[in-house]
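Just below is one structure, and these are the notes that go with it.
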Amino acid sequence: MIEAVIFYFFGAVLLGAAIGVIASRNPVHSAMFLVLSFFTSAFIWLLLEAEFLAIVLVLVYVGAVMVLFLFVVMMLDVAPDRLQGGFTAYAPQALVIVALVVAMLGVVLWAQPGQLSMLEAPPRAPPDASNTEALGAVLYTEYVYAFELAAVLLLVAIVAAIVLTMRKRPGLKAQDVPAQLAVRREERVRLVRMKPERDE
Amino acid sequence: MTDLWYGLPAELQRTLVVTSQVLLLVVPLILSVAYLTLAERKVIGWIQNRIGPNRVGPKGLLQPFADVLKLLLKEIVIPAKSSRFLFVIAPLLAIVPAFATWAVIPVSPEFVLADINAGVLYVLALTSMGVYGIILAGWASNSKYALLGAMRSAAQIVAYEIAMGFALVGVLMAGGSLNLGEIVRAQEGSILHWFWLPLLPLFVIYFISGVAETNRAPFDVAEGESEIVAGFHVEYSGMAFAVFFLAEYANMILIAALSATFFLGGWLSPLQGIPGLDGTFLAAPGFFWFALKTALFLFLFLWFRATFPRYRYDQIMRLGWKVFIPLTIVWLFVLGALVWFQVGPWFD
């Protein structure tokens, strides 16, 4: 009972926030709606007893990805009135994606009658069951190659991102720290002996 | 009285118990935040050969209450072209994670509010939320200085969070658990069994990153009075400003408590394992030792502020990305070797 109430409450907030992401005129407000929708999805995952994934969702997406997102959005000089009217520009593509998702849901829900009723809710895990351990047990045994492939992909992405910033471009003012530290007093300071100037 | 209690429905009983536990944790926490502001002014006063506040109440002990009263009575000015809702909600976003994280911190062997398995992850997730208050405050104020402060803070916090995360990876490798109580128990033995010794570089990096995360001196470029007035909270006044102020101090206490838990054995006694003292009350674990260690780190925060000049912004970035993160990764490999070869007394 109470779980259903919590589920529908967060479900409603999630849908509202998702609509807010595309409906709000201000890009920063959109980004904040996206944060809210990540947060509410994390709560729904908590209801499904996926604590590890829920916390990691908040940690990675809310704590890191969206902070950088906001960083960029705030630095961009996007006037809100320039964004007006562009709401339906991507409607055809969006409709195609929506149709695909609806078709997939339809296949699962209606095209195979009786399938869904066979999928009963899994039993509650005992209170001392560790989500993290369960995840690690399959991640490092059964799915170890997929896991390592994902790690390699991330490594390639990191190297690519660094290479992109290392390119030479005109007007670049880079600091050479060893050169800065190697500066000696004689190179910067010149003592000048002057005769005293007095009006006598 | 007992009849009345047992007459209540079980759900209500549980709610009442949990609520009173939360109050038992939060009320002393708010009081410590208030007195930390006084302690800071006193300690820095003494370091600078001054007396510090001593007018309100005996020895100035009522100063925090006078400050709160003053800020409560001040007007909260909301700038005309600000984003009103985000402007008002930003201070709350700053202070809520600082308090919510305390739910998983074991303050004594018996008392922890939520003994969850993924405690370290919960701590990381919530401490990474605090930056939203700062960024949104800077943006919603619609002011140049505030936005500059917010941008500096966002870049700095993201950089140091990674170093902190890697340092905690070391802690959970050594502790073998994500549960904070288990991590403390894994350090049992003596002062040499605590994780500060095998994880010494991670310990130093964690605490320095914690100082940077809380935007405290010498990493307080987000405020940087001499360059950008007061940074992200330049447009805030009255109680709205006070909430940011309290969030900063609550975060300091939090980082101090976390450092004590992860690296200095939390509620374990430093006198444990000394022949002759074992078995006496001095070697017994308890809340007192946790509070003492937390206070030690808090003193370091104040000491830093009175001692170091502010870092230059690009140097902060270099320290975070090019020194701390590589160092933590190297030490993870060293730690892996220590665990693999079961080097005592920590990993046997």
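Protein sequences, first through last, are from chains A and B.
Be aware that the first sequence starts at 1, since it is given in our numbering, and climbs by one per residue.
Be aware that the second sequence starts at 1001, since it is given in our numbering, and climbs by one per residue.
Where is the CB? At the ideal position from N, CA and C, for every residue including glycine.
- Message: Please state the DSSP three-state secondary structure of residue 1251 of chain B.
- Response: Of the three classes helix, strand and coil, the one that applies to residue 1251 of chain B here is helix, per DSSP.
- Query: Which of the three DSSP states, helix, strand or coil, is assigned to residue 1084 of chain B?
  - Reply: In the three-state reduction of the DSSP assignment, residue 1084 of chain B falls in the helix class, which pools H, G and I.
- Return the CA-CA distance between residue 27 of chain A and residue 1336 of chain B, expressed in angstroms with no decimal places. Computed Cα separation, rounded: 44 Å.
- Buried or exposed (CB count within 10 angstroms, at least 16 for buried), residue 1063 of chain B: It is buried - the Cβ of residue 1063 of chain B has at least 16 other Cβ atoms within 10 Å.
- Nearest to residue 1344 of chain B by CA position, among B:1117, B:1197 and B:1167, is which residue? Ranked by Cα distance from residue 1344 of chain B, the options B:1117, B:1197 and B:1167 are led by B:1197.
- Message: Alpha carbons only, please: which of B:1157, B:1099 and B:1135 is nearest the one belonging to residue 1083 of chain B?
- Response: Closest option to residue 1083 of chain B, judged by alpha-carbon separation, among B:1157, B:1099 and B:1135: B:1135.
- Task: Would you list, in chain order, the members of the stretch 1139-1165 of chain B that have their beta-carbon closer than 9 Å to a beta-carbon of chain A?
- Result: Going along the stretch 1139-1165 of chain B in chain order, one finds 1139, 1140, 1147, 1150, 1151, 1154, 1155, 1157, 1158, 1161, 1162 and 1165 with a Cβ nearer than 9 Å to chain A.
- Quick one: any contact between the stretch 1238-1253 of chain B and the stretch 1273-1291 of chain B, if contact means 3 or more CB pairs under 8 Å? No contact exists between the stretch 1238-1253 of chain B and the stretch 1273-1291 of chain B.
- Query: Can you name the residues of chain B whose CB is closer than 8 Å to the CB of residue 24 of chain A?
  - Reply: Under the 8 Å cutoff, chain B gives no residues; its nearest Cβ is about 11 Å from residue 24 of chain A.
- Task: Kindly list, in the order they appear in chain E, the residues whose Cβ is closer than 8 Å to that of residue 165 of chain A.
- Result: Among the protein chains of the structure shown, namely A and B, there is no chain E.
- Cα-Cα separation, residue 1220 of chain B to residue 1030 of chain B: Straight-line spacing of the CA atoms in residue 1220 of chain B and residue 1030 of chain B works out to 23 Å.
- Message: Could you check whether the Cβ of residue 1178 of chain B sits closer than 8 Å to any Cβ belonging to chain A?
- Response: At least one chain A Cβ lies under 8 Å of residue 1178 of chain B.
- Taking residue 131 of chain A as part of the alpha helix (DSSP H), name the residues at either end of that continuous run. Start and end: 131-139.
- Taking 8 Å as the cut-off, decide whether the C-beta atoms of residue 1150 of chain B and residue 1232 of chain B are in contact. In contact: residue 1150 of chain B and residue 1232 of chain B (Cβ atoms closer than 8 Å).
- Residue closest to residue 7 of chain A, alpha-carbon to alpha-carbon, out of A:44, A:66 and A:89: With respect to the C-alpha of residue 7 of chain A, the residue from A:44, A:66 and A:89 having the closest C-alpha is A:44.
- Query: Which residue from B:1071, B:1269 and B:1313 puts its Cα closest to that of residue 1281 of chain B?
  - Reply: Comparing Cα-Cα distances from residue 1281 of chain B to each of B:1071, B:1269 and B:1313, the minimum goes to B:1269.
- Message: For the structure I just gave you, are there three or more beta carbon pairs, one from the stretch 1117-1127 of chain B and one from the stretch 1155-1175 of chain B, closer than 8 Å?
- Response: Yes, since at least three Cβ pairs between the stretch 1117-1127 of chain B and the stretch 1155-1175 of chain B fall closer than 8 Å, the two stretches touch.
- Kindly list the residues whose CB is nearer than 7 Å to the CB of residue 1074 of chain B, restricted to its own chain and excluding five residues on each side of it in sequence; keep chain order. The residues are 1237 and 1238.
- Message: Only counting the same chain, and skipping five residues up and downstream in sequence, which positions put a Cβ closer than 6 Å to that of residue 1310 of chain B?
- Response: The beta carbon of residue 1310 of chain B is closer than 6 Å to those of 1218 in its chain, skipping five residues each way along the sequence.
- Task: Count the CB pairs spanning the stretch 144-152 of chain A and the stretch 66-78 of chain A that are closer than 8 Å, and state whether there are at least three.
- Result: Output reads no: the stretch 66-78 of chain A does not touch the stretch 144-152 of chain A.
- Task: Go ahead and label residue 187 of chain A buried or exposed: buried means 16 or more other beta carbons lie within 10 angstroms of its beta carbon, across all protein chains shown.
- Result: Residue 187 of chain A sits exposed, since fewer than 16 C-beta atoms from the chains shown fall within 10 Å of its C-beta.
- Message: Taking 8 Å as the cut-off, does the stretch 1094-1103 of chain B touch the stretch 1020-1029 of chain B (at least 3 CB pairs, one atom from each stretch)?
- Response: As far as the Cβ criterion goes, the stretch 1020-1029 of chain B touches the stretch 1094-1103 of chain B, which means the pair count is three or higher.
- Spatial distance of residue 134 of chain A from residue 3 of chain A (CA atoms): C-alpha separation (whole angstroms): 24 Å.
- Give a yes or no on whether the minimum CB-CB distance between residue 1206 of chain B and chain A is below 8 Å. No, no contact with chain A.
- Task: Grab the span of the alpha helix (DSSP H) containing residue 243 of chain A for me, first residue to last.
- Result: Examination of residue 243 of chain A is not possible in this model, given that chain A is present from 1 through 200 alone.
- Hey, does residue 64 of chain A have any beta-carbon neighbour from chain B nearer than 8 Å? Yes, contact with chain B.
- Task: Identify the continuous alpha helix (DSSP H) that holds residue 1017 of chain B and give its terminal residues.
- Result: Where residue 1017 of chain B is concerned, the enclosing alpha helix (DSSP H) stretches over 1010-1047.
- Query: Do the stretch 1254-1268 of chain B and the stretch 1196-1215 of chain B touch if we need at least three Cβ pairs shorter than 8 Å?
  - Reply: Short answer: they touch.
- Can you tell me which of the three DSSP states residue 1065 of chain B falls into? Here residue 1065 of chain B sits in helix by DSSP.
- With 8 Å as the threshold, decide whether the Cβ of residue 44 of chain A is near any Cβ in chain B. So, not an interface residue.
- Message: Please list the terminal residues of the continuous alpha helix (DSSP H) segment that includes residue 1324 of chain B.
- Response: Counting along the chain, no alpha helix (DSSP H) covers residue 1324 of chain B, and no H or E run does either.
- Measuring CB to CB, does residue 1290 of chain B end up less than 8 Å from residue 1107 of chain B? Contact flag set, yes.
- Query: Residue range of the alpha helix (DSSP H) that residue 1289 of chain B falls in?
  - Reply: That run of the alpha helix (DSSP H) goes 1287-1307.
- Segment limits, alpha helix (DSSP H) that includes residue 216 of chain A: Chain A is shown from 1 up to 200; residue 216 of chain A falls before or after that span and cannot be answered.
- Message: 8 Å is my cut-off, CB to CB: does residue 1173 of chain B come that close to chain A?
- Response: Cβ-Cβ to chain A under 8 Å: no for residue 1173 of chain B.
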